[in-house]
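Enquirer:
Residue numbers (the working numbering), protein chains in the order written: chain C, 662 to 812; chain Y, -6 to 78.
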C-alpha cells in the first residue's frame, strides 16, 4: 500500500515503503532529517533525480550519479562509511552526488567530496567523505561531460 | 578540552590504538602522523565544513521542478553528441 507524502517537486504523491531510505546520521547541515525518498525527475530518463526528505516537504536535493556525467569515477571512502550502510564492500552501493544549480544552470556543479552512498538492499544511505584528493565539493557537470565526450 | 604540550617526535595515544605523532614543526604549521585502525576515519575538519556549506548551497539554489526539465535537455544533447562520434 502506498504512503502519501508531500514533496517539493510533485506536491502530494504516493510512495511505496520500499522507496524510503534511512539516513541514520542525516546529511551534513541537515542532521535531523533521517528519512529520504528517491524520486525520478518529471522526465524519468533524466540523469537528475530528487532526494526528497520524507517528512519535510520543502527539503529536496537534486542528485545525479557521477557515472552519468564523468568518464570515470571511483568511489574512495573509508570502511567506516561503507559499514555504516550495512555493506562489506562498495560493490553493490549506488553512488550519487548532490547537485548545486545556480541561476545559470549551465554552471551547475556536483559535490563529489561528499558522495551519497546508498545500500539498496538494506535501504540505508549516508553522505560519505571522499578520501581521494581528485574530488572536490564543486565539479562543473557540463565541463566534465565535455571531457567525457572528447574521450 | 584537554590540552597537552608535546615536542617534535613525541606522541599522544587516544584510547589503546590511536597514536598521533608530531612529525614536523615549521613556523605556524605542525605536521601530524596518525596511526589508527582502518575503521577510524580521519579527515581535516575543513572537509566537514565544506561539505556542510555545499549541502546548504545546494538546498538554497531552489531550482524549480519545471526548470529541471529544461536542464535535463542539456544531458540529452550531450549524449546525442557523444553518440554521433
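We put the beta carbon where it would ideally sit given N, CA and C, even for glycine.
Every value quoted in this text rests on a predicted model; they were computed, and no experiment measured them.
For residue 771 of chain C, which option in C:723, C:689, C:671, C:745 has the closest C-alpha, if you only look at C-alpha atoms?
Expert: Position 110 of the first chain, counting from 1, holds the residue named residue 771 of chain C. Nearest of C:723, C:689, C:671, C:745 to residue 771 of chain C, Cα basis: C:723.
Enquirer: At a Cβ threshold of 8 Å, is residue 4 of chain Y touching chain C?
Expert: To locate residue 4 of chain Y, count along the second chain from 1; it is residue 11. Judged by the 8 Å Cβ criterion, residue 4 of chain Y is not in contact with chain C.
Enquirer: Using 8 Å as the threshold, is the C-beta distance between residue 624 of chain C and residue 788 of chain C below it?
Expert: Lying outside 662 to 812, the shown extent of chain C, residue 624 of chain C is not represented and no answer is given.
Enquirer: What do you get for residue 699 of chain C, buried or exposed, if any count of 16 or more other CB atoms within 10 angstroms of its CB means buried?
Expert: Translated into the one-based positions of the first chain, residue 699 of chain C becomes position 38. Buried, since its Cβ has 16 or more Cβ neighbours within 10 Å.
Enquirer: Taking beta-carbon pairs under 9 Å, can you tell me which members of the stretch 754 to 782 of chain C lie near chain Y?
Expert: 759, 760, 761, 762, 763, 764, 766, 767, 769, 770, 772, 774, 775
Enquirer: In whole angstroms, what is the alpha-carbon distance linking residue 749 of chain C and residue 35 of chain Y?
Expert: Working through the first chain from its first residue, we reach residue 749 of chain C at position 88. Working through the second chain from its first residue, we reach residue 35 of chain Y at position 42. Taking the straight line from one Cα to the other gives about 20 Å.
Enquirer: Output, in chain order, the set of chain Y residues within a Cβ distance shorter than 8 Å of residue 799 of chain C.
Expert: As a working note, residue 799 of chain C is residue 138 in the first chain. By Cβ distance, chain Y contributes 47.
Enquirer: When the Cα of residue 54 of chain Y is compared with those of C:765, C:774, C:809, C:737, which residue comes out closest?
Expert: Working through the second chain from its first residue, we reach residue 54 of chain Y at position 61. Nearest of C:765, C:774, C:809, C:737 to residue 54 of chain Y, Cα basis: C:765.
Enquirer: Extract the residue ranges of the beta strand (DSSP E) inside the stretch 747 to 777 of chain C, only unbroken runs of 3 or more that lie entirely within it.
Expert: Counting only runs of 3 or more, we get 755 to 761.
Enquirer: Out of curiosity, what's the CA-to-CA distance linking residue 720 of chain C and residue 695 of chain C?
Expert: Here residue 720 of chain C refers to the residue found at position 59 of the first chain. Here residue 695 of chain C refers to the residue found at position 34 of the first chain. Rounded to whole angstroms, residue 720 of chain C to residue 695 of chain C spans 12 Å at the Cα level.
Enquirer: Strictly under 8 Å for the Cβ-Cβ distance: is residue 61 of chain Y near chain C by that measure?
Expert: Walking along the second chain from the start, residue 61 of chain Y turns up at place 68. Yes, contact with chain C.
Enquirer: Identify every residue that forms a DSSP beta bridge with residue 698 of chain C.
Expert: Here residue 698 of chain C refers to the residue found at position 37 when the first chain is read from its first residue. Beta-bridge pairing links residue 698 of chain C to C:681, C:713.
Enquirer: Mind checking if residue 691 of chain C is an interface residue toward chain Y, Cβ cutoff 8 Å exclusive?
Expert: Translated into positions along the first chain, residue 691 of chain C becomes position 30. For residue 691 of chain C, the answer is yes, since a Cβ of chain Y falls inside 8 Å of its Cβ.
Enquirer: Just to confirm, are residue 798 of chain C and residue 43 of chain Y a CB contact at a threshold of 8 Å?
Expert: By one-based count along the first chain, residue 798 of chain C stands at place 137. By one-based count along the second chain, residue 43 of chain Y stands at place 50. Yes, the Cβ-Cβ distance between residue 798 of chain C and residue 43 of chain Y is below 8 Å.
Enquirer: For a test of the three-state rule: what should DSSP assign to residue 689 of chain C, helix, strand or coil?
Expert: Within the first chain, residue 689 of chain C is the residue found at index 28, counting from 1. If DSSP states are grouped into helix, strand and coil, residue 689 of chain C belongs with coil.
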